[in-house]
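Visitor:
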Amino acid sequence: MSNSIGCIELSSIAMGYTVADAMIKSANIEIVWNEIHCPGRLMLMILGDTASVHSAIDLGLRKGGERVVDKLVLSRIHPDVIEAIKKRKIPKTKISSLGVIEALSLSSAIEAADSVVKSSNVEILNINATIGIGGKGVVTFTGDIASVSSAVEIATKTAQSQGRVLHTSVIANPSQELLNRKRI
Numbered sequence: 001m002s003n004s005i006g007c008i009e010l011s012s013i014a015m016g017y018t019v020a021d022a023m024i025k026s027a028n029i030e031i032v033w034n035e036i037h038c039p040g041r042l043m044l045m046i047l048g049d050t051a052s053v054h055s056a057i058d059l060g061l062r063k064g065g066e067r068v069v070d071k072l073v074l075s076r077i078h079p080d081v082i083e084a085i086k087k088r089k090i091p092k093t094k095i096s097s098l099g100v101i102e103a104l105s106l107s108s109a110i111e112a113a114d115s116v117v118k119s120s121n122v123e124i125l126n127i128n129a130t131i132g133i134g135g136k137g138v139v140t141f142t143g144d145i146a147s148v149s150s151a152v153e154i155a156t157k158t159a160q161s162q163g164r165v166l167h168t169s170v171i172a173n174p175s176q177e178l179l180n181r182k183r184i
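Here it is as structure tokens:
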């Protein structure tokens, strides 16, 4: 059962491929992302049972050494987070408010997404790590204004307690033009 997620961001693309190969060969995991993103980083994201993910990430950290920029292992990850990672989610209801979390890394964005969906009545729309955003991760989610505001507050407190900085936004009644974009 794939209930855990692991991420390693590396500053070397070539080393990232070596790490990915070793992780795949070492444990029963699924590679979700093996993507190059800015600034010249490779992001590896895996799914699997908790023991397999921990084993693969531990190996990846040893192989990657000083090239590891960030890492994350989350057990019992919320299914909505996995769905948002794999593709942009179409909201089930009309979007009355939009929350945006900009994190310093994709790993910290995934961690923020998991915390907000578990702690607030919000629906994750997208987790984005695109070339051109300096290695940052962006999470978008929807819900009523109180839930979205609460989720942003929770994510901000979590990030501050870990020494990470986030930028956030809460938009009441977002424009339809903004919502119709391919990636929000």
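The sequence shown begins at 1 in full-length UniProt numbering and counts up by one. Beta carbons: idealized from backbone N, C-alpha and C, even for Gly.
Which residues does DSSP list as the beta-bridge partners of N34?
Guide: L44
Visitor: Output the distance between the C-alpha atoms of G60 and V148, rounded to the nearest integer angstrom.
Guide: Near 35 Å, if we compare the C-alpha coordinates of V148 and G60.
Visitor: Measure the alpha-carbon distance for S52 versus P174 and round it to whole angstroms.
Guide: 41 Å
Visitor: Going by beta carbon distance, what residues of the same chain come within less than 7 Å of residue 249, once the five residues before and after it are set aside?
Guide: Absent from the model: residue 249. The displayed extent of the chain is 1 to 184, so no value can be given.
Visitor: Do G6 and I46 count as a contact pair if the criterion is CB distance below 8 Å?
Guide: yes
Visitor: According to DSSP, is S169 helix, strand or coil?
Guide: Residue state, collapsed to three classes: strand.
Visitor: Can you tell me whether V100 is helix, strand or coil according to DSSP?
Guide: Strand.
Visitor: If you compare alpha carbons, which of D114, L104 and V139 is closest to V69?
Guide: L104
Visitor: Can you tell me which of K94, I110, L166 and R62 puts its alpha carbon nearest to the alpha carbon of H75?
Guide: For clarity, residue 75 is Ser in the given sequence; the question names His instead. Nearest C-alpha to S75: I110.
Visitor: Give the DSSP bridge partners of K25, in chain order.
Guide: Its beta-bridge partners do not exist; DSSP assigns none.
Visitor: Please identify the residue among S107, I85 and E102 whose C-alpha is closest to the C-alpha of I57.
Guide: S107
Visitor: Considering only residues of the same chain and omitting the five flanking positions on each side of V138, which have a CB-CB separation below 6 Å?
Guide: E102 and N128
Visitor: Quickly, what does DSSP pair T18 with across the bridge? List them, please.
Guide: Answer is none; T18 lacks a bridge partner.
Visitor: Pop quiz: K86 and V32 are said to be a contact at Cβ under 8 Å. What is the actual Cβ separation, rounded to whole angstroms?
Guide: 7 Å
Visitor: Would you report the Cα separation of residue 186 and D49, rounded to the nearest angstrom?
Guide: In the structure displayed, the chain extends from 1 to 184; residue 186 sits before or after that span and is not available.
Visitor: If you check the beta carbons only, do K63 and V19 fall under 8 Å apart?
Guide: yes
Visitor: With C-beta atoms as the reference, is D80 less than 8 Å away from I124?
Guide: Yes. Within cutoff.
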